[in-house]
Each structure stands twice: as structure tokens, then as C-alpha cells.
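Protein chains in written order, with my numbering: chain S, 50 to 330; chain F, 98 to 283.
Before any comments, here is the structure.
Now the structure itself:
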């Protein structure tokens, strides 16, 4: 039998897990869970793709509920007061004899406190009856049998699975400063570490690991590569350094380090990939 | 709301035997002539049987009503039972019921009866023993305490005779309260 469970906001000592109702299929099981992608903040999912974390129950992000047997009778029935403190929903569903947990984060936009009426033959105005909107697609799906967590957007599940946002790592202030102090970067026009935004910090976190693995020969190869594609980035041949004046300049440089630029074999058009994933053979 | 009314009803069913015992002890019999003047010389025991059958009928109604309650389940997943421990509780009601009967037998005035009944009703309602209705036993139900694999203890009313925790599969339960469940599998 399927069950809907609510997880509330609150302190550690309070009981925060309650049963909402049973015997309903709240979410449909997506048919596109096969062939999931490993999470990469640089990759933009197609509509029919999911990110996944295999062996999820052994990861540090896993919630306790997924490690236990699911027993609906363990949880008390929720009441109206408790529903106001809703944090996220878990729908436990059986599909073809396999257990799945569907997670949905409840933000303020999904908890509607407006006046409303049902479109029926006898409409009556409802006040002070908040309604909770169920999304068509759950924010995350956990397959117990395969022990895999599937998700589409990391930000929507970061309040459910504590610490999972570390997958979506931004460079720290020190890392950003260290990166900008590299010999091949020359800052101008007052551009400095404090002005680096979240998007570029994520790119720095990614690029640093690639860049640190380059040999000195590979580094000079990258310089030539960036020069070829980024005509707008002035390159000082004597110091072999790029002049960075803005966020946009830094973005182009970081794309270069990630080797996102390419030329089409036919037509010789220069392009940049705004989403990348490895081609598996 | 439905659940609240149902629990009031169950409480009434399990305490109403007190009134029946009082009626029998005080030899209150139905005045048949008032209903129909042809009905004369009806035996006293017929009245008593009718009194006794009222809680039984109400209990049967409560069984039907329980279908409207919230569903729950304790079914096996991948062949594994979710119960680790069973404890039979059929006889647990006896001490409290003997108490009810002795109270009813020693009451002489009906005001006293209603007052005592009100107190008993309140205590039964607020303690979680409202399901200890011995009439369930008459219609083939058993009472059990079950401990789940997550170490939660629940109270189950079922027609099944449960012995081995590994074989327990309860796919259709109804939730009376957070502690008490009634099995609807046949």
C-alpha cells in the first residue's frame, strides 16, 4: 500500500514525521529513470534526464527514514496545526513490487494560503484552509531496490538531504583569491576576488581541479587554445598572462580551462558548449 | 471529525454493557403491553436478551463504519515481515470488565448509574483502551500487541490467529487511533 508522509520543520527533539494519508498514488513513476547522469553542476539536463547518486544509503546525505523499514503504522496521523510546519513530503509507493520514495520540497509557493473555492456544482468560498500543491514530478525519487537517488535540481532537494549541496560546490574566498593570483591572470579595472559572483565561483571550483592536473606543457597548450577562441581577452606574450577586467572575462577564461570551445568540422564555426557531458563509448 | 465520532461510538460500545448489567440486575423489563396489548406474559429473559443484543448490533455497525477510516498497512515487502514480536491481548480486558460488572451490580439508583457511566466513558475515551470491547471476541476478533521492526508497539484487532511474527502480512488495516488498528483482510 502507498502512503504519504510529511516531514515537519522543528527542533531535533520534536517528532517531525507524520502520516498524511494512505492508499493513493501521489506521483507517477517516471519512465525515464534509466540511463541517469552523475551530478555535474556544468551539465544541463535534457527534459527526459535525471541526475543520480548510486549507493545512496551509504552516502552521508541519506536521511534516516530511507535506512529503516517503511512502516506507516509507526507514524502518527498529522493534524491541521502540524501541516502548517510542513517541510517536505515523502510518498512511499510500490511500483511492480519495488519500493520507491518520492520526495517533494514544500516551499511557500506550494503552500497556498489564499481564499479559494472548488470548481464544482456547489462552490463555497474557503478561507483559512491552506492547500498544498503536489508537483507533477517529484523533486527526488529514491529506489530502494537499486539504492539510487534520482533528482533533477540540486537546489530543490538541498533542504531535504542535508549536506548534499556540497556536490554543487562554490570556491571559497581563499580559493577564489588563490586562483586569481595565478601567474597567467592579470587583474585590471579594479576587478578582484570580492567581485566574483556565485556562478563564477562554481566554475572556479571545477576549473581548479582540472587546472591543477595540467602539466606545464599542457598549461601553455591551454593558453594558446584560449587565445585562439577568446579574442576579447588580451594576452600579454611576455608574462604569458590574460587580462581580466570583469565577470564576463573570467567566465570566458574558465570556459577555456574547461575546454568548452570547439570548432565544427563542417563550416568551421567556432562554438562554446554551455553544457557538457562525457561521450560514453 | 469522522474519526472522533467513531471513537466516541467505540467507547460507548465497550462501556454500554455496564448499562445492560444494571438493567438486568434491577430487573427492568420491557413493558410489552404498552407496545402492543396482545403481548402479554412475555418472559423476563426476552427483555434481557434484547438489552444484550443492542451493544452487539452497535458493535457490528462499528465494524462497518471502520471501513470509512484511514487506511494503513503492515504488509510484507520482498517477503520480509515487518513484525518482530507478537503478544496476545485477548484476556487483557477481563480485569477491567469484571470491575465494570461489579460496579453495575452494586448500583441501585439510576442517577448513580448515569453518573458512574459518564465517568467511565470519559476515562475509557481518554485512555487508549476504548477498543477493549469484549463483544469483538464474540464475533470472532482477537486482540494483539505487535512490535514492528522499528520497535514501535501497536495494538491490533484482527480475525486472524497470529502466532509467528515472520508470517504476518497485513495489507489492509484501518487506523482507529495512532496506536490501534483494525485488520480488514479476509
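All C-beta atoms, glycine included, are put in the ideal place defined by N, C-alpha and C.
Small disclaimer: the values here were computed from a predicted structure and weren't measured.
My output table needs one value for residue i: the three-state DSSP class, helix, strand or coil.
i: residue 271/F; result: strand
i: residue 184/F; result: strand
i: residue 148/S; result: strand
i: residue 194/S; result: coil
i: residue 280/S; result: coil
i: residue 169/F; result: strand
i: residue 265/S; result: helix
i: residue 165/S; result: strand
i: residue 148/F; result: helix
i: residue 250/F; result: strand
i: residue 291/S; result: strand
i: residue 124/F; result: coil
i: residue 224/S; result: helix
i: residue 102/S; result: strand
i: residue 69/S; result: strand
i: residue 233/S; result: coil
i: residue 272/S; result: helix
Strictly below 7 Å CB to CB, what residues from chain F border residue i?
i: residue 210/S; result: The contacting residues do not exist; residue 210/S stays about 21 Å from chain F at best.
i: residue 177/S; result: Ordered by position in chain F, no residue passes the 7 Å Cβ test against residue 177/S, which lies about 17 Å from the chain.
If distances are taken between C-alpha atoms only, which option among the options comes closest to residue i?
i: residue 208/S; options: 73/S, 110/S, 91/S and 160/S; result: 110/S
i: residue 85/S; options: 102/S, 319/S and 289/S; result: 102/S
i: residue 269/S; options: 288/S, 217/S and 253/S; result: 288/S
i: residue 344/F; options: 109/F, 148/F and 167/F; result: Since the displayed chain F opens at 98 and closes at 283, residue 344/F lies outside it and no answer follows.
i: residue 51/S; options: 198/F, 120/F and 172/F; result: 172/F
i: residue 253/F; options: 266/F, 261/F and 239/F; result: 239/F
i: residue 54/S; options: 120/S, 243/S and 306/S; result: 120/S
i: residue 233/S; options: 117/S, 273/S, 78/S and 96/S; result: 273/S
i: residue 162/S; options: 176/S, 172/S and 170/S; result: 176/S
i: residue 240/S; options: 257/S, 296/S, 261/S and 178/S; result: 296/S
i: residue 230/S; options: 181/S, 308/S and 257/S; result: 257/S
i: residue 124/F; options: 157/F, 174/F and 201/F; result: 201/F
i: residue 133/S; options: 221/S, 114/S and 181/S; result: 181/S
i: residue 214/S; options: 139/S, 205/S and 222/S; result: 205/S
i: residue 140/S; options: 324/S, 77/S, 63/S and 292/S; result: 77/S
i: residue 87/S; options: 198/S, 135/S and 156/S; result: 198/S
i: residue 184/S; options: 74/S, 323/S and 168/S; result: 74/S
i: residue 120/F; options: 138/F, 273/F and 147/F; result: 147/F
i: residue 277/F; options: 154/F, 169/F and 141/F; result: 169/F
Give me the chain S residues within the contact set of residue i, using Cβ-Cβ distance strictly less than 7 Å, ordered along the chain.
i: residue 208/F; result: Within chain S, no residue comes near residue 208/F; the closest Cβ sits about 37 Å away, beyond 7 Å.
i: residue 275/F; result: 125 and 126
i: residue 174/F; result: 148
i: residue 251/F; result: 122
i: residue 104/F; result: Near residue 104/F there are no residues of chain S at all, since even the closest Cβ is about 12 Å away, more than 7 Å.
i: residue 171/F; result: 120 and 122
i: residue 168/F; result: 50, 71 and 72
Could you name the residues of chain F that residue i contacts, counting a contact when the two beta carbons are closer than 8 Å?
i: residue 152/S; result: Per Cβ cutoff of 8 Å: no residues; residue 152/S is ~19 Å from chain F at best.
Against residue i, what residues of chain S qualify as contacts under a CB-to-CB distance less than 9 Å, listed in chain order?
i: residue 278/F; result: 122
i: residue 268/F; result: 50
Kindly give me the distance between the Cβ atoms of residue i and residue j, rounded to whole angstroms, as I take these residues to be in contact under 8 Å.
i: residue 144/F; j: residue 132/F; result: Not a contact, Cβ separation roughly 12 Å.
i: residue 68/S; j: residue 57/S; result: Contact doesn't hold; Cβ gap of about 12 Å is too wide.
i: residue 285/S; j: residue 235/S; result: 7 Å
i: residue 187/F; j: residue 234/F; result: 7 Å
i: residue 112/S; j: residue 263/S; result: Actually they are not in contact, since the Cβ atoms of residue 112/S and residue 263/S sit about 39 Å apart, beyond 8 Å.
i: residue 282/F; j: residue 268/F; result: 6 Å
i: residue 148/S; j: residue 174/F; result: 6 Å
i: residue 246/F; j: residue 179/F; result: 5 Å
Name the chain F residues that come within less than 9 Å of residue i, Cβ to Cβ?
i: residue 298/S; result: Near residue 298/S there are no residues of chain F at all, since even the closest Cβ is about 56 Å away, more than 9 Å.
i: residue 118/S; result: 174, 177, 179, 245, 246 and 247
Is residue i close to chain A? Criterion is C-beta to C-beta, closer than 7 Å.
i: residue 102/S; result: As a matter of chain content, chain A is missing from the structure shown, whose protein chains are S and F.
message = If the cut-off is 7 Å on Cβ atoms, which residues from the region 123 to 147 of chain S count as contacting chain F, listed in chain order?
response = 123, 125 and 126
task = Output, in sequence order along the chain, the residues in the region 63 to 97 of chain S whose CB is closer than 7 Å to any CB in chain F.
result = 70, 71 and 72
request  = Check distances from the C-beta atoms of the region 183 to 205 of chain F to those of chain S and list, in chain order, the residues that come in under 9 Å.
outcome  = none
ask   = Residues in the region 112 to 143 of chain F with C-beta within 9 Å of chain S's C-beta atoms, listed in sequence order?
value = Cβ contacts with chain S: none found.
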